[in-house]
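Peer 1: Taking this note's numbering, I'd label the letters of the sequence shown as residues 12 to 260.
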Amino acid sequence: QNVSDDEVAIDALWCFAYASEAELTDDVVDYAAGQGLIPGMVQSLLHPIPSMSLAAVRAIGNFVTGNDRTTAMVTNAGAVSTLISGVHSGVHGAAAGGRRLKEVFWTLSNIAAGPPASIDLLLAESPDVPQCAIATVVALAPDVPNDVLKEAIWVIGNCFAGGTREQLARIVELNGLNVVARGLQSPDSRVRRMAQQHADEVSKIFEAQHEVPHHLRAAYQEAIGRHVNEGAGDAHAEDGGGAGEGYSF
12 QNVSDDEVAI
22 DALWCFAYAS
32 EAELTDDVVD
42 YAAGQGLIPG
52 MVQSLLHPIP
62 SMSLAAVRAI
72 GNFVTGNDRT
82 TAMVTNAGAV
92 STLISGVHSG
102 VHGAAAGGRR
112 LKEVFWTLSN
122 IAAGPPASID
132 LLLAESPDVP
142 QCAIATVVAL
152 APDVPNDVLK
162 EAIWVIGNCF
172 AGGTREQLAR
182 IVELNGLNVV
192 ARGLQSPDSR
202 VRRMAQQHAD
212 EVSKIFEAQH
222 EVPHHLRAAY
232 QEAIGRHVNE
242 GAGDAHAEDG
252 GGAGEGYSF
């Protein structure tokens, strides 16, 4: 993180990105943590040189595919608020290209796959950014390409798979279900199938419960409830049970 030569710093970031891509080993994580490199990676997310910030996004994204301990190392260094700051400042926003935003949403989806403490970070307000991570995903989803939309859907889907009652209620209030609805209306059949799978999982949460607050059930029905049965035959079934079964609001 103290390298002054930008090219060397970029090469170092890509080295960590590639080293963690196939399999994130404890050796790579422990070395990065022991050398104090993770805060430097997070800071590089906002670097004005595009190849530097892109390498940082890829490295951080790979690190949060690991276990909860590894993800916590990255999120404790401020990765979520820094990523969202980059989106709103233009470093990682739509103007920077679809690939950049896809990497950001992919990283957020991996964080969303963690424990409720990780999902809390996606819902947390910060004085440094105008919106929390979930609100940012919701705001951008209507206008992104299909490959970016798929990652946005995974962000919402992973939150519903592992979130608490309070977290899911907040995501509904932030219109998070509209992201899934956008996928259900996509002209791309692959996006529709993936969105349908997530819609089916969400429906198991809502339809199985009788005490869901009226405004949340209405928001669900308005966004995706009417689509669930329409496309059920086209859904991509990977396994039997759903993460939302038995969940209680």
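All residues carry an ideal CB built from backbone N, CA and C; glycine is no exception.
Counting pairs of beta carbons, one from the segment 158-173 and one from the segment 109-121, are three or more of them closer than 8 Å?
Peer 2: The segment 158-173 vs the segment 109-121: in contact.
Peer 1: Can you check whether the CB of A206 is closer than 7 Å to the CB of V191?
Peer 2: In this structure, A206 lies closer than 7 Å to V191 by Cβ.
Peer 1: Return the chain-ordered list of same chain residues with a C-beta closer than 8 Å to the C-beta of H99, the five sequence neighbours on each side being excluded.
Peer 2: So the list reads V140, P141, Q142, T147, once near-sequence residues are dropped.
Peer 1: Can you tell me whether C143 is helix, strand or coil according to DSSP?
Peer 2: In this structure, C143 counts as coil in the three-state DSSP scheme.
Peer 1: Could you check whether I130 and G10 sit closer than 7 Å to each other, using their CB atoms as the reference points?
Peer 2: Residue 10 lies beyond the range of the chain shown here (12 to 260); nothing can be said about it.
Peer 1: Could you tell me which of P156, V149, G89 sits nearest to K113, measuring between CA atoms?
Peer 2: It is P156 whose Cα lies nearest to the Cα of K113.
Peer 1: Just checking my contact of A28 with A90 at CB under 8 Å: how many whole Å lie between their CB atoms?
Peer 2: Not really, about 14 Å apart at Cβ, beyond 8 Å.
Peer 1: Which same chain residues end up closer than 7 Å to L202 when comparing Cβ atoms and leaving out the 5 residues on each side of it in sequence?
Peer 2: The displayed chain sequence assigns Val, not Leu, to residue 202. For V202, where only same-chain residues beyond five positions count, the Cβ hits under 7 Å are N157, L160, K161, G194.
Peer 1: What first and last residue would you give for the alpha helix (DSSP H) that runs through S214?
Peer 2: Per DSSP, S214 belongs to the alpha helix (DSSP H) from 200-218.
Peer 1: CB-CB under 8 Å to P127, same chain, minus the five flanking residues each way: which ones, in chain order?
Peer 2: Excluding sequence neighbours, P127 sits near G173, G174, T175, Q178.
Peer 1: Might you give, ordered along the chain, the residues of its own chain that have their beta carbon closer than 8 Å to the beta carbon of A44, omitting 5 neighbours on each side?
Peer 2: Counting only Cβ-Cβ distances below 8 Å, and skipping sequence neighbours, we find M84.
Peer 1: So, is I60 buried or exposed, given that buried needs 16 or more other C-beta atoms within 10 angstroms?
Peer 2: Exposed: under 16 other Cβ atoms inside 10 Å.
Peer 1: Below 6 Å CB to CB, which residues in the same chain sit around L132 once its five sequence neighbours on both sides are set aside?
Peer 2: Closer than 6 Å at Cβ, skipping near neighbours: T86, V91.
Peer 1: What separation, rounded to the nearest whole angstrom, lies between the Cα atoms of L57 and L188?
Peer 2: Approximately 29 Å between the Cα atoms of the pair.
Peer 1: Using a Cβ-Cβ cutoff of less than 7 Å, which residues in the same chain neighbour W25 once the five nearest sequence positions on both sides are dropped?
Peer 2: Once the five neighbours on either side are set aside, the close Cβ partners of W25 are A66.
Peer 1: With H, G and I counted as helix, E and B as strand and the rest as coil, what does DSSP make of D16?
Peer 2: In the structure shown, D16 sits in coil (DSSP, three-state: anything other than H, G, I, E or B).
Peer 1: Please classify N169: is it buried, with 16 or more other beta-carbons within 10 angstroms of its beta-carbon, or exposed?
Peer 2: Classification for N169: buried.
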